[in-house]
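The structure appears below as structure tokens.
There are 2 protein chains.
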Amino acid sequence: MKKLINDPDDVVDEMLEGMVAAYPDRLRRLPDTQVLVRGDVPVGGKVALVTGGGSGHEPTHAGYIGDGMLDGAAAGGVFSSPTADEFEALIDACDAGDGVLAIIKNYEGDVMNFETAIELAEMEGVEVDSVVVDDDVAVEDSLYTSGRRGVCGTILVHKAAGAKAAEGYDLSEVTRVAQKVIDNVGTMGTALTSCVTPEKGEPTFDLGDDEIELGIGIHGEPGTERTETMSADAVTDKLTEAVLDDLDLDSGQEILTIVNGMGGTPQMELFVVNRRLQELLGEHGLETWDAWVGDYMTSLDMAGASITVCAVDDELKELLGAPADTPALTQTQ
Amino acid sequence: MKKLINDPDDVVDEMLEGMVAAYPDRLRRLPDTQVLVRGDVPVGGKVALVTGGGSGHEPTHAGYIGDGMLDGAAAGGVFSSPTADEFEALIDACDAGDGVLAIIKNYEGDVMNFETAIELAEMEGVEVDSVVVDDDVAVEDSLYTSGRRGVCGTILVHKAAGAKAAEGYDLSEVTRVAQKVIDNVGTMGTALTSCVTPEKGEPTFDLGDDEIELGIGIHGEPGTERTETMSADAVTDKLTEAVLDDLDLDSGQEILTIVNGMGGTPQMELFVVNRRLQELLGEHGLETWDAWVGDYMTSLDMAGASITVCAVDDELKELLGAPADTPALTQTQ
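Given below as structure tokens:
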């Protein structure tokens with residue numbers, strides 16, 4: 001499988017160099033780490049937001065570093081967790097004395113290493129809260145995961161908590177809105193093709209020419225069902241109904257939706273999915289307040305998409321709609 | 001080849017519906033056409049900017065409709081030109097009496113149909129200028145093209161001319177800066193895999209497992225050279241040197257660069273390319289003023305990338321850096 005890379009062992013290192021080369025005024029790499037932070041950390045007068053996890057999900061995580069979202073992110077190897085040392089360096093660099101919120105996707109390595117880092121940081125007197133995102137409604141427990149997996153809904157946690165922090169609220173308030181998003185969001189994805197990791201150079205899993213996987217994880221972990229290829233409308237219905245079953249929303253509820261590309265999916269197809277998604281939500285009596293379409297949390301070169309639905313109230317609408325200025329997400333008001 | 005579509009005959013229509021469903025406040029579809037325009041056209045007090053071409057290059061074209069960029073865009077079938085009638089409807093809808101600039105990528109069908117539409121509009125008293133973008137340095141003449149092809153540099157024409165129009169300058173000034181970008185920009189791309197059109201469902205061209213195509217067109221048209229797979233750095237050097245040979249810039253020249261994904265390329269790989277690109281430009285004594293990395297002009301699900309270099313002076317820096325607010329490109333100042 002062909003890739004635009006050099007030595008697979010260098011791919012994360014070179015990607016991070018390429019990110020800093022693209023955004024030298026916005027991103028800074030902590031020496032001898034795979035941690036990227038805002039150029040101006042620590043940013044005084046606000047809670048710092050940090051996250052991280054395996055590489056291969058770009059623009060997650062570093063693409064969301066900047067005004068109104070994250071202060072920094074630790075990048076692990078491809079699909080593998082950053083070390084506790086890297087997470088600790090991240091927390092230390094970003095803390096300005098107003099506390100730190102760690103946003104963790106629910107994978108065992110991320111949770112374990114972030115928790116160790118938090119303990120170490122707290123011993124040094126840093127105030128740290130954490131939330132664990134587990135928005136994937138497809139499966140309970142999975143490869144790498146106890147409980148549900150954290151996937152594309154994580155972006156909305158960055159966005160809402162980032163806006164709350166930018167407004168100067170304290171750590172307990174920033175943590176509260178992060179958890180509020182987690183309590184109100186659900187996601188499910190599908191794969192048309194497997195991802196191919198640089199190291200292996202072969203598909204992570206086998207999928208026939210006439211098969212798709214429903215409920216796929218962002219590392220190619222098994223989903224809920226392998227079926228014959230279906231129309232975009234049928235796939236959209238399957239994913240959306242599973243998410244809505246989980247969220248159990250009342251008719252008239254306002255929502256934000258994301259149609260997220262997995263990395264190898266043309267935008268054309270994402271918009272075809274969005275067409276049916278919005279139609280179906282209307283049939284359920286739900287009111288789309290905002291609709292995002294694009295590549296937000298990918299799985300290398302996987303072809304496929306995920307659908308995220310987040311119930312919003314006035315508070316979340318204000319935060320999710322607030323200005324942000326990051327490499328991957330810029331919003332004006 | 002699997003795709004998230006329904007009937008291939010409906011894919012453009014359903015994509016456009018999905019776009020309007022995502023951005024109902026920003027985009028409006030002209031009845032009985034495949035033309036999308038700003039929700040508030042005609043926008044008084046400014047020159048209108050219009051473009052269009054075959055579908056399959058998303059977010060080109062409609063993704064750049066909005067404040068500081070385009071007023072509207074006509075979408076043809078996949079990789080086929082919009083009709084003269086559609087281009088005329090686009091011009092008519094966007095003209096507010098201050099004139100219209102048509103930004104045309106250099107493909108025979110686009111040029112012919114846009115020119116016919118412009119003649120018809122002028123007969124109705126609309127003042128229309130046009131520019132033809134031909135930034136692809138790879139080949140003279142090609143399938144669909146006399147002269148060079150128009151590719152990713154087109155986005156910079158939209159951006160600079162859009163900013164000039166937003167500042168209230170007249171048609172001759174808006175046209176001048178559009179042409180100034182064209183005179184200062186070059187692009188070259190590579191394909192690791194063929195694109196697959198919805199209609200055909202098979203690769204447009206054959207490329208071996210250990211081959212790549214240099215100088216590829218955005219419809220899969222042949223490039224300059226088919227070679228064995230190379231490292232990202234070697235590919236970057238090949239593409240960049242060809243662009244720099246064409247532009248013939250002086251040492252110390254300020255430039256804007258784009259590393260553009262072709263649709264099926266993970267962001268990880270684009271940043272690996274950007275790393276070497278910026279290193280190489282430094283070796284040439286060129287000064288990168290701004291670096292864009294992402295999917296700006298794609299070729300459906302093609303894996304590959306293109307590199308664009310645009311020489312900038314104070315005027316172009318002001319325009320290319322000006323605020324914009326569109327689905328695919330948002331800049332704050």
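Keeping their order, the protein sequence lines are chains A and B. According to UniProt numbering, the first sequence is numbered sequentially starting from 1. According to UniProt numbering, the second sequence is numbered sequentially starting from 1. All C-beta atoms, glycine included, are put in the ideal place defined by N, C-alpha and C.
Select from A/Asp98, A/Met15 and A/Ser81 the residue whose C-alpha is nearest the C-alpha of A/Ala48.
Here the closest residue by C-alpha is A/Asp98.
Between the C-alpha atoms of B/Val37 and B/Gly52, what's the straight-line distance to the nearest angstrom?
Their Cα atoms are separated by approximately 11 angstroms.
So the alpha helix (DSSP H) A/Ser172 belongs to, where does it begin and stop?
That run of the alpha helix (DSSP H) goes Leu171 to Asp183.
Give, in chain order, every unbroken run of the beta strand (DSSP E) that is at least 3 residues long and sits entirely within the segment 43-108 of chain A.
You should have 48-55, 72-78 and 100-105.
Short check: CB of B/Val131 to CB of B/Ile103, under 8 angstroms?
Yes, they are a contact pair.
If you compare alpha carbons, which of A/Ile255, A/Ala191 and A/Thr204 is closest to A/Met230?
With distances taken between Cα atoms, A/Met230 lies closest to A/Ala191.
Give the interface partners of A/Lys3 over in chain B, defined as CB-CB distance under 7 angstroms, in chain order.
Here the neighbours are Glu269.
Since A/Thr298 meets chain B, which of its residues come closer than 8 angstroms, beta carbon to beta carbon?
Result: Pro266 and Gln267.
How big is the Cα-Cα spacing for A/Glu221 and B/Asp141?
Using only the alpha carbons, I get a separation of about 47 angstroms.
What are the residues in the segment 230-250 of chain B lying within 7 angstroms of chain A by C-beta distance?
Answer set for the segment 230-250 of chain B: Ser231, Ala232, Asp233 and Val235.
Hey, does residue 392 of chain A have any beta-carbon neighbour from chain B nearer than 8 angstroms?
Residue 392 of chain A lies beyond the residue range present for chain A, which begins at 1 and ends at 333; the question has no answer from this structure.
Quick one: is A/Ala304 buried, meaning 16 or more other Cβ sit within 10 Å of its Cβ, or exposed?
For the sequence presented, residue 304 of chain A should be read as Gly rather than Ala. Buried, by the Cβ-count rule.
I'd like to confirm the pairing. Which residues does DSSP put opposite B/Ser299 in its beta bridges?
Per DSSP, none; premise fails for B/Ser299.
Identify the continuous alpha helix (DSSP H) that holds residue 335 of chain A and give its terminal residues.
This structure cannot settle anything about residue 335 of chain A, because the visible part of chain A is limited to 1 through 333.
What is the rounded straight-line gap between the Cα of B/Leu244 and the Cα of A/Val243?
If you take the alpha carbons of B/Leu244 and A/Val243, they lie about 50 angstroms apart.
Using CA coordinates, which residue listed in A/Val181, A/Asp129 and A/Met112 is at the minimum distance from A/Asp135?
Of the listed residues, the one whose Cα sits closest to A/Asp135 is A/Val181.
Identify which residue in A/Arg149, A/Leu329, A/Ile216 and A/Gln333 has its Cα closest to the Cα of A/Pro323.
It is A/Gln333 whose Cα lies nearest to the Cα of A/Pro323.
Interface residues of chain B around A/Thr332 at Cβ under 7 angstroms?
Chain B residues near A/Thr332: Asp325, Thr330 and Thr332.
What residues of chain B sit near A/Ser194, judged by a beta carbon separation below 9 angstroms?
What A/Ser194 touches in chain B: nothing, since even the nearest Cβ is about 12 angstroms away.
Closer than 8 angstroms, Cβ to Cβ, to anything on chain A: give me those residues from the segment 157-185 of chain B, in chain order.
The residues in question: there are none.
Is A/Leu171 closer than 8 angstroms to A/Asp210 when the C-beta atoms are compared?
The answer is no: Cβ separation not under 8 angstroms.
Spell out the partners DSSP gives A/Asp290 in its beta bridges.
Its beta-bridge partners are A/Leu256.
Does B/Pro59 have its Cβ less than 8 angstroms from a Cβ in chain A?
Cβ-Cβ to chain A under 8 angstroms: yes for B/Pro59.
How would you write the range of the beta strand (DSSP E) that A/Ala227 sits in, first residue to last?
Note that residue 227 of chain A is Thr in the sequence shown here, rather than Ala. That run of the beta strand (DSSP E) goes Glu225 to Glu228.
Between the Cα of A/Ala311 and those of A/Leu90, A/Arg276, A/Asp250 and A/Leu277, spot the shortest distance and give me the residue it belongs to.
That would be A/Asp250, whose Cα lies nearest to the Cα of A/Ala311.
What separation, rounded to the nearest whole angstrom, lies between the Cα atoms of B/Arg275 and B/Leu281?
When rounded, the distance between both Cα atoms is 10 angstroms.
I'd like to know if A/Val37 contacts chain B, where contact means its C-beta is closer than 8 angstroms to some C-beta of that chain.
Not an interface residue.
Can you tell me which of A/Asp295, A/Asp7 and A/Leu239 puts its alpha carbon nearest to the alpha carbon of A/Tyr64?
If we check each option's Cα against that of A/Tyr64, A/Asp295 comes out closest.
Taking Cβ-Cβ distances shorter than 8 angstroms, what residues in chain B pair up with A/Ile212?
Those are Lys2, listed as they occur along chain B.
Answer with buried or exposed for A/Glu58, where buried requires no fewer than 16 other C-beta atoms within 10 angstroms of its C-beta.
Counting Cβ neighbours within 10 Å, A/Glu58 comes out buried, since at least 16 surround it.
With distances taken from CA atoms, which of B/Ala74, B/Gly68 and B/Asp313 is nearest B/Thr60?
For B/Thr60, the nearest C-alpha among the options comes from B/Ala74.
Nearest chain A C-beta to residue 335 of chain B closer than 8 angstroms, yes or no?
As shown, chain B starts at 1 and ends at 333. That puts residue 335 of chain B outside it, with no answer to give.
Looking at the structure shown, is A/Met262 part of a helix, part of a strand, or coil, going by DSSP?
DSSP places A/Met262 in coil when its eight states are reduced to three.
Measuring alpha carbon to alpha carbon, tell me which of B/Asp95, B/Met69, B/Ala121 and B/Thr33 ends up nearest B/Glu167.
Of B/Asp95, B/Met69, B/Ala121 and B/Thr33, the residue nearest in Cα terms is B/Met69.
Bridge partners of A/Met188, per DSSP?
Per DSSP, A/Ile307.
Relative to the C-alpha of A/Gln253, which residue among A/Ser194, A/Lys317 and A/Ile212 is closest?
When only C-alpha atoms are compared, the closest one is A/Lys317.
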